[in-house]
Each structure stands twice: as C-alpha cells, then as structure tokens.
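Numbering (my numbering), first residue to last: 9 to 341.
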Amino acid sequence: MTVLPPASQLVTVFGGSGFLGRHVVRALARRGYRVRAAMRRPDLAGFLQPLGIVGQITAVQANLRYPDSVAAAVKGADAVINLVGIMREKGRQSFSSVQGQGARSVAQACAQFGVDRLIQVSALGASADSKSTYARSKAEGEAAVHALVKQAVVLRPSVMFGPEDTFFNRFASLVRMLPVLPLAGAETKFQPVFVGDVAEAVARAVDGKIEAGKVYELGGPEVKTLRELVDYVCEVTGRKRLIAPMPFGLARLQGQVLELADMLTLGLLPNELILTRDQVNLLESDNVISATAEKEGRTLHGLGITPVSAEAEVPGYLWRFRKAGQFATARAS
C-alpha cells in the first residue's frame, strides 16, 4: 500500500480550538499535515492559523449534535480525530449528546467515507459501570467508535495540565480567593499528564506508529493525591491555606447547592466555584493508569514518549497567582 506524505493528507480535528485541540493542531502542522479544524464557532479560531504555514490549517463549522455537519467535516479526510468533551452539562450540551451520541456520529461518518484512521480521545476512568454520568458517556462513545471503526485508536488521558488548563489554574484561583479550601476527594489519586504529551500521542496515532484497535491509558510520571496536588499549588503560588477535606455526602450536597445557584444566576457563577454532583461521583475513584495497561505497554512509555512532570511546567504559568507575580519571593503569605 502506498503511504502518502503528510503534506498530501488531510486530517479533520473535531474540537481543534480547545485546550488539547490547539496542541494537536500544532503537532500535526509541524509534521506537514493539512488540518481541517472542525468546531461550533470557527470564527473564534483565528489563533490556530499561525500554528502552520499559509493555507495549511482551515477552520470549519461542525456540531456533534448534528450528524450532517459532522459528515461534511469528515468527507475527504484521510484521518479523523475526535477531541470533543465537556466536564459539565449545560443547556443542550449533555454528556450523552456530546460524548456518547457525538462520538457515534463521528464514527458513522468515518464508516460512511471509508476512513479507518480514527483517533477517539476519551478519559481515564471511562466505564459503563461508573457512578458518574460523565464516565459512562465516555465509555458509551468508546463502544460506538470501536463497533463502527474496528481500527480506531482510543486514548484515555488522566487530568491534563498545561498553560490553559482547568485543573492547576482552577485550584490556584481558589487558593487566591479562599482562606480555607473545602476539598472533596482529598485522598483520591491522580496522575496528571502534560497536554503536549497527549498531543504527541495523538499525532503518532495519525502517523500510524501506534497499534490500531486498542485503548491506551496516558498518565504522567507521578501519582499524587488531590490534597498533595493542592498543597503543591499553594507552594508554587506562595500562599498558605487551610485545606479542609469534605466527606463525599457533604460534597454532593454542596454540589447540589452550587448547581442551583448557577442556574438561578443564569450561569454567572464563576467556573472556579462550581462543583457538580457528577464531579463528586468522579472523585470517588482514583484517576491513574491500570497495571494491565502498564504491563501491555499501552501507556506513554510504551509509545516511546517520556512524560513531562508537573514540576517542569506548572511553575511557568502559575506565577501570575502569586501576590507579586513573577517578582514574588519564596515567602508564603
């Protein structure tokens, strides 16, 4: 079979303007691929253009809830990547419609046009048996993808970090705002992974360097509890805060109150303060790669990627949360 050079191949990236998406688009552009970034608001994706040469990256409109727009974005592509996901439901953007049926629509379009290089980015912890609707919808999407495109690659990253993340940045905001930090799932274990490493794994799957038809679990080099990660945020931002672990039952009650408050304020509640009941359910399970994936080489190390540590990246973008910014001393306040 003739293998076309990257410059002769078109890759459609659903969610190309998102946190992970911009890193994936950059990784593909550097390899020479032509990129079709599909998203709901292509008019807001101008920042993607400088990631490649003139004409290499094109933004198009597509919404996973509308199969016709998905099919139009897939038509003519040599490979397809689905990065679309939401952390909480809002309006018509439900977990089932976006992460379940949305993934199915992408796979159906790939099957329709004969695209067998499909990369589905899911999430560590995806399970049909999970208490979390988010995790169940991710598993639903995975099942649909593998049923329709047997050679599809599924990547399950742990919580991702990078300059625009909603993990370390969120806790840094909370640490700056609150003298006491109520923390649900303080002892839950996480394995944060650098967004650039996940993007590299996606690009290698497009290159055909990853065995197809398998599920890969992507985590960073360290496993830490949520409390340890928040302590690290306090250390990096130079702030001393009291961390108050919350029982899951109380956390669910808090989540219910915050969901109601967000609804009554028409969505004006700051994102940093919002904790949903479904997110609490997620926190009841550790978010680390499995021993089976380690043994079978279905990890970053198995793909030949040395994962970047949080310590190597996080201080470089959390300095803005210090009292004196980049000029702050090491003394905590």
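Quick reminder that beta carbons are idealized off the backbone N, C-alpha and C, glycines included.
Output the distance between the C-alpha atoms of residue i and residue j, rounded to the nearest integer angstrom.
i	j	result
residue 9	residue 66	Only weak support exists for where residue 9 lies, its pLDDT of 46 falling under 50; the value from the coordinates is given anyway. If you take the alpha carbons of residue 9 and residue 66, they lie about 28 Å apart.
residue 340	residue 173	For residue 340, the pLDDT reaches just 44, beneath the cut-off of 50, and the residue's location in the model is therefore unreliable, although a value from the coordinates is still provided. Using only the alpha carbons, I get a separation of about 24 Å.
residue 182	residue 270	17 Å
residue 194	residue 295	13 Å
residue 344	residue 45	Given a span of 9 to 341 for the chain in the structure shown, any question on residue 344 remains unanswerable.
residue 206	residue 28	8 Å
residue 413	residue 327	Here the chain covers residues 9 to 341 and nothing more, so residue 413 does not appear.
residue 63	residue 41	11 Å
residue 231	residue 197	6 Å
residue 311	residue 303	13 Å
residue 140	residue 54	35 Å
residue 30	residue 43	11 Å
residue 97	residue 283	12 Å
residue 320	residue 333	18 Å
residue 300	residue 135	15 Å
residue 121	residue 279	39 Å
residue 75	residue 123	16 Å
residue 137	residue 275	30 Å
residue 306	residue 47	29 Å
residue 255	residue 268	20 Å
residue 218	residue 272	47 Å
residue 277	residue 264	14 Å
residue 34	residue 298	29 Å
Under the assumption that residue i contacts residue j (Cβ atoms under 8 Å), give the Cβ distance between them as a whole number of angstroms.
i	j	result
residue 228	residue 200	5 Å
residue 72	residue 115	Going by Cβ atoms, the distance from residue 72 to residue 115 rounds to 11 Å, so no, they are not a contact pair.
residue 20	residue 85	4 Å
residue 209	residue 186	Contact doesn't hold; Cβ gap of about 35 Å is too wide.
residue 89	residue 162	In fact, because the Cβ distance is near 12 Å, the residues do not count as touching under 8 Å.
residue 87	residue 125	4 Å
residue 178	residue 329	Going by Cβ atoms, the distance from residue 178 to residue 329 rounds to 11 Å, so no, they are not a contact pair.
residue 266	residue 290	The Cβ separation is near 15 Å, so there is no contact.
residue 244	residue 323	5 Å
Could you check whether residue j and residue i sit closer than 8 Å to each other, using their CB atoms as the reference points?
i	j	result
residue 24	residue 52	no
residue 22	residue 106	no
residue 113	residue 145	no
residue 36	residue 214	yes
residue 128	residue 221	no
residue 288	residue 151	no
residue 249	residue 189	yes
residue 293	residue 133	yes
residue 108	residue 148	yes
residue 251	residue 241	no
Closest to residue i by C-alpha separation, out of the options, would be which residue?
i	options	result
residue 313	211, 220 and 87	211
residue 77	49, 137, 321 and 125	49
residue 14	39, 299, 234 and 179	39
residue 131	223, 238 and 79	223
residue 171	75, 134, 318 and 298	318
residue 101	43, 184 and 142	142
residue 235	273, 34, 323 and 176	176
residue 94	82, 83, 110 and 34	110
residue 233	216, 217, 218 and 253	253
residue 117	136, 82 and 135	82
residue 350	255, 180 and 305	Here the chain has residues from 9 to 341 only, and residue 350 is not among them.
residue 12	34, 216 and 264	216
Less than 7 Å separating the Cβ of residue i from some heavy atom of the ligand SAM?
i	result
residue 153	The ligand SAM is not part of this structure, which contains no ligands at all.
Step through the CB atoms of chain B and report whether any lies within less than 8 Å of the CB of residue i.
i	result
residue 293	Protein chains in the displayed structure number just one, and chain B is not present.
| task | Pair every Cβ in the segment 159 to 168 with every Cβ in the segment 189 to 209, then say whether three or more of these pairs are closer than 8 Å. | result | Using a Cβ-Cβ distance cut-off of 8 Å, the segment 159 to 168 and the segment 189 to 209 are in contact, since at least three pairs of beta carbons, one from each stretch, lie closer than that value.
| Using 8 Å as the Cβ pair cut-off and three pairs as the minimum, do the segment 59 to 73 and the segment 260 to 269 touch? | By the Cβ test, the segment 59 to 73 is not in contact with the segment 260 to 269, since fewer than three Cβ pairs between them sit closer than 8 Å.
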